[in-house]
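Residue numbers (this note's numbering): 598 to 1358.
All C-beta atoms in this analysis are idealised placements derived from N, C-alpha and C, irrespective of residue type, glycine included.
Owing to the predicted nature of the structure, the values given are computational and were not obtained by experimental measurement.
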Amino acid sequence: MDLIIAEKKGVAEAIAEALGGFEKSAGYFESEGSILTWASGHLLELKEPQEIDEKFKTWKILDLPIKIDETWERRPKFYNVGSGLSKEEKERLENSQKVIDRQLGLIERFLKNKEIKKVIHAGDPDSEGQLLIDELIEYFSCKKPVMRVLINDNNANKVREAFKKMEPNEKYVPLGKAAYARSLADMYLGVNASRFFTLKANMNKGRVVVGRVKTPVLGLIVNRYLEIKNHVKSCYYILEKSVEVVKKSNTQEKEEYIRAIERYEKEFLDESRKKVALENLADEFTRLNERVRLKLNLVPPKEILSDGKVVDKVLLEELDKEINGVQRLIVSKEIVKKEPPLPFNLIELQQYCNKKWSYESDRVMRVTQDLRDKYKAITYNRSDCQYLSLEHFKEAAEVMERVLKNLNIKVENMDYTKVSKCFNDDLVTAHHGIIPTNKVIDLRRLTEEERNIYEIICKYYIVQFLGAMIKEKTSGEIRVVDSLILKGTSSKILDYGYREFLDEIDFENEKEESSSLSSLYGGEYECEIISSKIIEKETIPKKNYTEATLLKDMTSISKYVKDLKLKEALKDKDKGKKGESGGIGTPATRSTVIKDLFRDKYVELKGKEIVPTELGVKIYQYIADEVKTANVTAEWWLIQREIEEGASVSKLVRKVEKDFLDIMSKSYEKLEHGERVKESLGRCPKCQGDITESKKAYNCSCGFIFWKNEAISLKRFQELIKGKTISVKGLKSKIGNSYNAKIKLKVNFDGFEIVEFLKDK
């Protein structure tokens, strides 16, 4: 019998449907020859340092660096459901924990079942997917043969094809090792750097949290904020000329009109839309005035530019004098077709929802998780891909019929023979774009957030079968001499196509600048410059991040990396991933990173803008440069590629260790924020928390207090809290008499009690 282990429940369901013959049980499927179960993301995680050795509960410089390598132990994933969580969050984590415990128990049972002769690894076809199942096989010491099936499309035909192409898992193990090395390196950096900088900074009102992804993202926010704060306004100038065009002869215009019709007829497939466009064109032709007035701007010569702008008004005034009189205007036209936007991936969806409804990215991920798990309304929600397979295209008409019924709408002019650019097998990665499923969905059962997000996912799939938007772009140019050129452009929408179906938020960056230039046909015109104006403008700083714009920059953080080799390494990491260009983090983790920055009080919201707190600015500036930029991810990625090709996991761990030792060797000033983090003196006998020292007592946050006594040294106190009975000389009675005695802590931990009086020797 075979055991198939998928990465997630949705993939397991797709396998069961594609292969057939399976009966469903709690947490698995079973057929005559196979058991099919699934993980639920990573079921295992690396232990925390204090779980390896209790001494690490106390943060001490002398313990650093804590050696985290391939010998570091894993344990079952555990969610700490604390009292500070909302009821909703608590229930969600408790349910997740139940699933993790159940699936881990089932997988252990099946891997150890003697009837199972072969394991089929069906994790996602990427490094994390490889590691996720490999680590379970290793953790439970399974020595059975393992085959690998690569499924990146849940379509039944694609799944069956994948099972026909299975290969030995050994071929892909190095891919998982690269992900494992990265997880060890992340823990090494997070644990050691956070402790080191916390202790060096002498923090009391919190700890310095350092992370490979978290810290550079904080840097994006801090650097943008400081850039805006320190922005110094400066003036720059634009030369604008008013031009009057002499209308061409009727014969010339008619020829241009006929050529325009010929161009448009090629672009319009829908007859009714073509008729409207041509009627508008003819109307415009008959309304042409004898003279047309335009506004054109000077294209400044490079030699007078400073940072791409003209800052010397006098120079511009001199050039202005050279441009006058009768000139020759060249007009050119271009028909531009804009295809519908691609279906969403998680990042694009989070950005959209943040801009339109101010939904937090973490909230969007949870809502889409419910849409997927609870309602089966959408496909895999954590995808980093916006493309679909051709199998999706074959099923589209049937899916669309159900979706339109769910939404209770009619959409005219849908064309199911149109193969949108989103249908491309070559561009589908480990996952595909987020689209609606062929399930009956009662919108009345959905919350407002669920309904909004479901509807926009549906709409972005619907538009794949609508016509393109068609624009006419007109350019006008006057070349006085080679170095003096006046230019103007105008854009006019001839057919809105798919845009009629989507909201304006989708096109807020597509400002249509339409002018009288559009009323001229292509060709040569005689014109006269009739006036000029020098316009003064002020430089404007960038805007603070919103969650949407921060998510966008996280997908392309490479643009802020100055080292060309590392910049290219980051881009290479995302090769083949449309929408990612040297990013940091993953679609599934980016929202958590942002949430953690708020939790740690490093950033805050002002309106919709994310700005750093005073603490966030100070901490980012305090942390060593070597660990606070995206360079770290790039450097690690270069080594991860070597591991994928067979290098040892230890190569990356040694690199991180060497870099951290270099950081520790440097000197750091104390951070002027709060008092020193008080060093723990031991475990509290009452709650096992940290005991710290104040001026008059030893304390714990649980309320435990032991008043200092001249006769009891710190060392003897530490023995007391470990439950030992100690001998002490020179104790004082309430009336001031001195005595010696054996003492121990009281049962209720309220001071000490005398076990035995001792005679003076």
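Alpha carbon of residue i to alpha carbon of residue j, nearest angstrom
i	j	result
A603	D904	54 Å
R884	Y1013	Residue confidence is low: R884 scores 49 on pLDDT, short of 50, so the model does not pin down where it sits. No coordinate-derived value is stated.
K1319	I1031	56 Å
F1314	N1337	16 Å
I1127	I920	10 Å
A609	Y736	22 Å
V1025	N751	12 Å
P1282	S1291	18 Å
N789	D698	30 Å
E685	N942	26 Å
I665	R671	12 Å
R779	L786	10 Å
E1307	D1197	40 Å
R1273	R689	The pLDDT assigned to R1273 is 42, lower than 50, so where the model puts this residue is not dependable; a value taken from the coordinates is nonetheless given after this. Distance between the alpha carbons of R1273 and R689: 37 Å.
K654	L661	13 Å
S637	E1239	29 Å
V1325	K1341	10 Å
S1188	K1018	28 Å
T1371	G1073	With the chain running from 598 to 1358 in the structure shown, residue 1371 is simply not present.
I717	V1250	30 Å
E1211	L823	11 Å
Element boundaries [alpha helix (DSSP H), containing residue i]
i	result
W656	Segment: none, W656 is in no alpha helix (DSSP H) and carries neither H nor E.
L1167	L1161 to K1170
L643	First-last for L643: L641 to L643, but that is the beta strand (DSSP E), not the alpha helix (DSSP H).
L1099	Premise fails: L1099 is in no alpha helix (DSSP H) and is neither H nor E.
N820	K811 to K826
D599	Where D599 is concerned, there is no enclosing alpha helix (DSSP H), although the beta strand (DSSP E) it sits in stretches over D599 to A603.
P646	P646 to I649
F793	V770 to A798
A1145	E1144 to M1151
Y949	L943 to W954
K1252	S1247 to M1261
G630	Here G630 belongs to no alpha helix (DSSP H), and DSSP marks it neither H nor E.
Extent of the continuous beta strand (DSSP E) run through residue i
i	result
Q924	G922 to K935
A719	K715 to A719
Y1093	Where Y1093 is concerned, there is no enclosing beta strand (DSSP E), given that its DSSP letter is neither H nor E.
K1070	M1066 to V1078
N583	The displayed coordinates of the chain run from 598 to 1358. Any statement about residue 583 would go beyond what the structure contains.
A1338	S1335 to L1342
N667	The sequence given here places Glu at residue 667; Asn does not occur at that position. Per DSSP, E667 belongs to no beta strand (DSSP E) and is neither H nor E.
I612	From DSSP, I612 is part of no beta strand (DSSP E) but of the alpha helix (DSSP H) over K606 to L616.
S839	C832 to V843
L1328	I1323 to K1329
K687	It is not in any beta strand (DSSP E) - K687 instead sits in the alpha helix (DSSP H) that spans K684 to L708.
Inter-residue CB distance, residue i and residue j (contact presumed, cutoff 8 Å)
i	j	result
E601	A719	In the sequence under discussion, the amino acid at residue 601 is Ile, which differs from the Glu named in the question. So it is a contact: roughly 6 Å between Cβ atoms.
I818	L926	Between L926 and I818 the Cβ distance is about 48 Å, and since that is not below 8 Å, they are no contact.
K1070	V933	6 Å
I1207	E1144	6 Å
C1377	I1050	With the chain covering 598 to 1358 only, the question about residue 1377 has no answer from this structure.
K1068	I1090	5 Å
Sheet register partners of residue i (DSSP bridge)
i	result
G1120	V928
Y1199	Y1199 pairs with nothing; no bridge assigned.
D1287	R1280
N1306	I1309
E1353	K1339
P897	None, per the DSSP bridge assignment.
G1085	G1073
R999	Answer is none; R999 lacks a bridge partner.
P940	Answer is none; P940 lacks a bridge partner.
T1226	Bridge partners of T1226: none, in fact.
I1031	F941
M744	I717 and P765
C1055	Paired residues: none, contrary to the question.
R672	E642
Check: residue i C-beta below 7 Å from any heavy atom of the ligand GDP
i	result
L1148	Ligands are entirely absent from the displayed structure, and the ligand GDP is therefore not among its contents.
Could you check whether the region 1032-1040 touches the region 988-999, counting it as contact only if at least three pairs of C-beta atoms, one from each stretch, sit closer than 8 Å?
In short, these stretches touch, since the Cβ pair count reaches three.
Measuring CB atoms only, is the region 1134-1146 touching the region 1109-1116, in the sense that at least three cross pairs come out at less than 8 Å?
no
Is there contact between the region 713-728 and the region 769-776, where contact requires at least three CB pairs shorter than 8 Å?
yes
Touching or not, the region 1225-1232 and the region 810-827, by the rule of three or more beta carbon pairs under 8 Å?
yes
Is it the case that the region 940-955 contacts the region 1053-1071, given that we only count it when at least three CB pairs across the two stretches are under 8 Å?
yes
Flag this pair as touching only if the region 1245-1261 and the region 636-653 have three or more C-beta atom pairs under 8 Å; answer yes or no.
No, the region 1245-1261 is not in contact with the region 636-653.
Would you say the region 1151-1158 touches the region 1169-1183, given that touching needs at least three Cβ pairs under 8 Å?
yes
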